[in-house]
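Colleague:
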Amino acid sequence: MTLLQKRKLRLIAKRIIRNDKKRKLYLLNLHWLKIKKKKLRRRKKTLIKLFKERRLQYLRSMLKSA
Numbered sequence: 000m001t002l003l004q005k006r007k008l009r010l011i012a013k014r015i016i017r018n019d020k021k022r023k024l025y026l027l028n029l030h031w032l033k034i035k036k037k038k039l040r041r042r043k044k045t046l047i048k049l050f051k052e053r054r055l056q057y058l059r060s061m062l063k064s065a
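Last residue of the sequence shown? That's 65 in numbering that gives the first Met the number 0, and every number before it is there in order.
See the structure below:
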């Protein structure tokens, strides 16, 4: 969905639905599943990085003590 399409969708949502919060939120968050998956991918990446760092630290400490 392009920026122009999103803007039009928001304008329509504003015009049509001023008080109905549920429908307004639905129209604004049509791609909630994509956003959720993207967040999960980012989270997984960072967790993998942290795991690798911890493992390297552990190995380095083992080598120092040996």
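Ideal placement from N, C-alpha and C gives every residue a C-beta, glycine not left out. All values derive from a computational prediction rather than experimental measurement.
Could you say which of Arg53, Met61, Lys7, Lys51 lies nearest to Leu27 if we only look at CA atoms?
Modeller: Here the closest residue by C-alpha is Lys7.
Colleague: Tell me where the alpha helix (DSSP H) around Leu29 begins and ends.
Modeller: No alpha helix (DSSP H) holds Leu29; DSSP gives it neither H nor E.
Colleague: Tell me which same chain residues have a C-beta within less than 8 Å of the C-beta of Arg41, skipping the five on either side of it?
Modeller: There are no such residues.
Colleague: With DSSP as the reference, label Met0 as helix, strand or coil.
Modeller: Looking at Met0 - three-state DSSP - the assignment turns out to be coil, as it is neither helix nor strand.
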